[in-house]
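Residue numbers (full-length UniProt numbering): 1 to 951.
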């Protein structure tokens with residue numbers, strides 16, 4: 001080689017090296033949309049010693065993904081660089097993980113604030129810029145961090161108002177008896193701020209509902225705080241930043257404390273004079289204030305026996321019965337500086353039984369919306385009735401001007417009598433819990449008086465107002481929606497207004513029933529029935545951010561567990577929850593189809609978010625409960641336990657039990673088959689190889705036994721089924737049906753719906769969750785539409801046509817009744833609406849790469865629907881799918897988030913006509929990564945316009 005050629009070759013290599021280096025270090029189009037610690041933006045109070053980091057990224061182009069990340073965590077922003085990061089420098093980690101990355105740095109300390117940032121590299125090794133600096137702050141990690149803060153409670157009940165009593169009468173009592181419950185209490189204490197404040201934080205745990213005041217103003221916008229729990233095992237505190245609210249010199253703190261569920265010692269007693277203790281104890285509170293002055297010094301201020309206490313105008317409060325406020329006993333500006341509290345007593349220090357106190361991570365309950373009267377008329381007794389137009393959970397808000405001592409009663413109900421002449425309280429169940437939904441206000445008589453309750457909430461649409469001298473209007477009374485402030489992040493709309501209205505009603509029914517736990521109803525019971533919880537979980541996850549909510553509820557279930565004897569082996573004891581969690585209004589052990597919420601909630605949470613933490617944390621509890629249910633196996637291989645397909649059409653467990661067509665044993669075993677598969681996977685995730693094998697064997701054995709016992713021929717047809725619509729739907733959904741029998745079983749289901757039931761469902765909550773999805777999956781989407789929209793009983797359309805704005809508990813022929821009995825606001829019946837997302841919208845997460853890391857796109861819809869638009873929240877960003885169908889041309893606008901892949905299901909003929917962003921599939925593939933295999937077209941991130949001729 002000539003010298004000149006050698007020099008040229010060397011220069012060329014150098015040039016190429018420099019070019020390659022430029023490519024590997026060049027900046028990409030990546031930008032950070034959202035950065036999260038433990039699923040929260042800049043959280044102010046966390047207790048995880050190993051928090052997780054996540055980031056949502058925007059990018060241009062197609063098939064963009066992450067190849068590596070680098071995280072820095074430091075004790076100050078100044079140290080947040082690659083040389084000085086003193087808490088964690090992950091260095092460059094080769095990984096496509098952009099969600100729930102575990103912290104692996106130095107030990108985190110209580111009450112400390114930390115700073116962090118991240119950069120990532122894309123699939124071409126192009127790096128992003130460093131993100132903006134984010135922060136997170138630790139909470140009170142252990143008991144010692146509470147310092148000298150004591151629990152305090154009311155020393156003496158000084159109520160004298162004649163209205164402090166309520167009548168209590170259950171259906172088993174001949175006469176009512178007066179009850180007073182624990183009094184609402186008021187605590188106050190003044191303190192001095194001696195220096196300039198740099199930071200001030202409040203940490204408060206109420207055993208019972210509380211409101212915190214500083215210098216006469218309420219701190220924060222929470223109501224009904226904190227969320228209910230099994231307080232003796234797990235209570236929750238709340239943190240407030242009051243740095244900007246403190247003033248130099250004197251300041252005054254006040255705490256107003258009500259019973260909530262902690263001090264609820266009245267309802268659900270069969271005999272009020274019995275010694276059955278439904279309360280955890282009298283309301284108690286603990287508060288710590290941490291002050292950091294600008295000079296770096298600190299000071300603590302806390303609850304103890306030096307605080308003053310009194311009772312006041314809230315003379316009765318019960319979570320079921322409501323509040324009574326006697327304005328004649330108001331105590332002035334009791335939470336302000338220099339208030340004269342010489343007549344007040346001293347608080348009593350208490351030692352409540354509380355095993356663990358943790359910071360509340362779920363969204364707080366808030367006042368979310370106000371409703372004005374839509375109609376006001378006189379009832380049959382001449383009293384005013386107000387219709388607010390929407391069934392909600394919350395309370396009323398009054399502005400009245402009446403004489404001193406005037407009693408104003410507001411009775412809230414969900415319904416009117418069928419003839420519309422008066423309110424009908426039957427659905428709110430006062431006979432069950434012993435007290436009607438009632439708010440009482442006694443006027444002080446000095447002009448316009450304004451009031452709203454603090455320590456109770458009701459489920460209602462109508463209010464009967466007694467004791468007012470003028471016709472109620474929007475200036476006198478409003479209804480206030482009060483619920484956990486879960487953030488709505490998903491959306492659905494379609495070309496069919498009936499479906500859109502069903503979606504709206506379903507969302508209302510969920511929001512009305514989220515008050516720190518997933519309730520069954522917001523009035524009669526307010527209980528976390530486990531079966532109800534898993535029935536609507538998936539639909540809730542499609543619509544709302546529920547990441548922390550179900551983690552909290554799993555702790556409610558775990559702390560509800562009791563040692564329970566085995567069925568076949570009574571010498572063994574297993575950890576088993578009751579049918580209800582949390583609280584002391586317990587019931588029997590959780591039957592299979594209710595107790596499996598213990599496995600389903602972690603599974604659904606893992607499916608939708610992809611975070612295995614909930615699976616790992618509760619694995620032992622799930623494993624123990626699975627073994628308990630296996631203890632019910634009979635000689636035929638079937639578990640002899642089950643609650644049943646709750647609330648099918650016309651069913652009443654006392655008057656018409658035979659209307660439950662599905663044998664409870666069958667539906668429970670269908671569920672259990674699915675759960676055995678879930679537990680097989682969970683065992684693998686927990687490296688429990690022996691249990692993984694056991695679950696696989698049990699699942700195969702149950703499938704064989706199930707088909708042998710329950711799959712039958714339908715007489716005079718060539719069809720088969722599992723003896724009810726519900727069991728057949730479950731068998732198809734869970735994969736119990738042998739492959740060679742699927743067509744015969746689908747035809748059997750259709751036969752029963754069409755020929756036997758005249759185009760109607762006969763399912764309760766178990767079957768109704770899946771029937772529309774299953775029919776759509778097996779080519780019967782038009783039949784699914786017909787069942788939903790037929791105006792005749794039973795159907796969802798029939799319920800809407802009957803005037804309901806939330807889904808009722810029972811499926812009855814309402815016009816034949818005096819008034820609608822049982823709850824009219826029951827979220828277990830919203831599970832069916834998952835169909836709007838998974839079938840019509842066609843979006844489901846892969847179960848192999850969960851959390852929508854990969855997701856299936858396969859709209860399955862009836863001919864009556866010509867367009868659908870869904871948005872699905874995911875840890876990677878929002879998936880959007882908007883499709884239209886016109887003259888067999890299917891057009892879909894699909895948004896695939898960064899670092900995810902979409903698997904679009906197409907028939908061979910659809911694939912032949914496929915165009916992506918205006919290009920044929922072959923032309924699109926020339927410049928874009930795309931995979932096609934076995935009817936599935938896989939696309940990476942990007943915005944796509946997809947067209948094909950619908951087969």
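Think of the CB as a built atom: it goes at the ideal place given N, C-alpha and C, for glycine as much as any other residue.
Please read all numbers here as calculations on a predicted model, not as lab measurements.
Excluding five sequence positions before and after residue 467, the CB atoms of its chain that fall closer than 8 Å to its own CB belong to 402, 406, 407, 408, 409, given in chain order. By the 16-neighbour rule on beta-carbons within 10 angstroms, residue 94 is exposed. Under the three-state reduction of DSSP, residue 714 is assigned to coil, being neither helix nor strand. Shown here, residue 800 sits in a helix according to DSSP, grouped into three states. For residue 680, the CB contacts under 8 Å within the same chain, skipping 5 residues up- and downstream, are 692, 695, 696, 699 in chain order.
Under DSSP, no beta-bridge partner is assigned to residue 924. Under DSSP, residue 337 forms no beta bridge with any residue. With distances taken between CA atoms, residue 474 lies nearest to 370 out of 457, 370, 432, 502.
Rounded to whole angstroms, residue 478 and residue 376 show a C-alpha spacing of 12 Å. Within its own chain, the residues whose Cβ lies closer than 6 Å to the Cβ of residue 605, once the five positions on either side in sequence are excluded, are 550, 614, listed in chain order. The DSSP assignment places no complete run of the alpha helix (DSSP H) inside the region 807–891 (cut-off: 4 residues). A residue is called buried once 16 or more other Cβ atoms fall within 10 Å of its Cβ, and residue 926, having fewer, is exposed. Sequence-distant partners of residue 189 (beyond 5 residues in either direction) whose C-beta falls short of 6 Å from its own C-beta, in its chain, are 253, 307. For residue 633, the number of other beta carbons within 10 angstroms of its own is at least 16, and it is reported as buried. Using a C-beta cut-off of 8 Å, the region 418–438 makes no contact with the region 489–502, since fewer than three inter-stretch Cβ pairs fall below that distance. With contacts defined by Cβ atoms closer than 8 Å, residue 359 and residue 237 form a contacting pair. Distance from the CA of residue 673 to the CA of residue 624, rounded to the nearest whole angstrom, comes to 16 Å.
Listed in chain order, the non-local C-beta contacts of residue 355 below 8 Å within the same chain comprise 232, 233, 234, local neighbours out to five positions each way being set aside. The residues 293, in chain order, have a CB closer than 6 Å to that of residue 195 in the same chain once the five nearest residues on each side in sequence are set aside. A check of alpha carbon separations from residue 191 across 251, 179, 245, 244 identifies 251 as the nearest. Here residue 654 is exposed. Its C-beta has fewer than 16 other C-beta atoms within 10 Å.
Per DSSP, residue 733 lies in no beta strand (DSSP E) segment; the continuous alpha helix (DSSP H) that holds it begins and ends at 725–734. When only Cα atoms are considered, residue 755 and residue 782 end up about 16 Å apart. DSSP places residue 123 outside both helix and strand once states are collapsed to three, so it counts as coil.
Residue 460 and residue 180 have their alpha carbons spaced roughly 24 Å apart. Straight-line spacing of the CA atoms in residue 137 and residue 199 works out to 13 Å. Burial of residue 667 is indicated by the presence of at least 16 other C-beta atoms within 10 angstroms of its C-beta. Per DSSP, the unbroken beta strand (DSSP E) holding residue 441 starts and ends at 438–442. A straight-line Cα-Cα distance of about 12 Å links residue 742 and residue 775. Distance from the Cα of residue 301 is smallest, within the candidate group 128, 709, 520, 288, for 288. A residue is called buried once 16 or more other Cβ atoms fall within 10 Å of its Cβ, and residue 848, having fewer, is exposed. Residue environment: residue 607 is assigned as buried (16 or more neighbouring CB atoms within 10 Å of its CB, all protein chains considered). Taking a C-beta distance under 8 Å as the contact criterion, residue 131 and residue 117 qualify as a contact pair.
Per the Cβ contact rule, the region 444–455 is in contact with the region 389–402 (3 or more Cβ pairs under 8 Å). Two segments are said to touch when three or more pairs of C-beta atoms, one from each, lie closer than 8 Å; by this definition the region 858–877 touches the region 838–846. Looking at 100, 420, 178, the one whose alpha-carbon comes closest to that of residue 378 is 420.
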